[in-house]
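**Q** The sequence shown runs contiguously to residue 121 in this note's numbering.
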Amino acid sequence: MKQLDDFYLKQEEPVKGVFLALREINLKQDDNITHVLKYGMPFFCYKGKMFCYLWIHKKHKQPYIGIVEGKHFDEPFLLQEARSRMKIMLLNPDEDLPLEQIETIVRKALNL
Numbered sequence: 010m011k012q013l014d015d016f017y018l019k020q021e022e023p024v025k026g027v028f029l030a031l032r033e034i035n036l037k038q039d040d041n042i043t044h045v046l047k048y049g050m051p052f053f054c055y056k057g058k059m060f061c062y063l064w065i066h067k068k069h070k071q072p073y074i075g076i077v078e079g080k081h082f083d084e085p086f087l088l089q090e091a092r093s094r095m096k097i098m099l100l101n102p103d104e105d106l107p108l109e110q111i112e113t114i115v116r117k118a119l120n121l
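1) So is the beta-carbon of P23 under 8 Å away from any non-hydrogen atom of the ligand HEM?
2) Could you give the residue range of the alpha helix (DSSP H) that holds L99?
3) Please list the terminal residues of the continuous beta strand (DSSP E) segment that includes L46.
4) Closest to N197 by CA distance: which of H44, V27, A91, Q38 is it?
5) What span of residues does the beta strand (DSSP E) with G75 cover, start to end?
In structure tokens form, the structure reads like this:
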């Protein structure tokens with residue numbers, strides 16, 4: 010857990026606050042969600058299967074939540090870019106998080 014905690018502590022504000030909020034939003038969705046560090050990124054797993062992760066977009070310099078099986082999602086706010094399987098939701102760290110959208114896609118990812 011130390012490496013996972015260090016990931017969050019090393020982030021600069023306001024990205025740090027976004028990631029901490031996303032961590033709480035994801036973990037409260039279901040008791041079977043676990044939180045692990047894989048590939049240097051915080052991943053969230055449901056019953057052992059990865060369903061989403063947090064990262065910063067290199068080009069846009071914005072935090073995002075990545076949906077592992079995003080190819081099954083049709084929401085217009087999710088970006089596919091050059092990924093074949095995953096889609097991401099960019100988040101503006103200077104604005105309030107779109108809580109309803111985040112919770113909706115997390116629940117949808119859990120149901121896959």
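For each residue, glycine too, the CB sits at the ideal point set by N, CA and C.
**A** Let me lay it out:
1) You won't find the ligand HEM in this model; it holds no ligand whatsoever.
2) The continuous stretches of alpha helix (DSSP H) do not include L99, which lies in the beta strand (DSSP E) extending over residues 96 to 99.
3) 42 to 47 is the span of the beta strand (DSSP E), which, as asked, contains L46.
4) The structure shown does not extend to residue 197, since the chain is modelled only from 10 through 121, so no value can be given for it.
5) Run containing G75: 72 to 76, per the beta strand (DSSP E) assignment.
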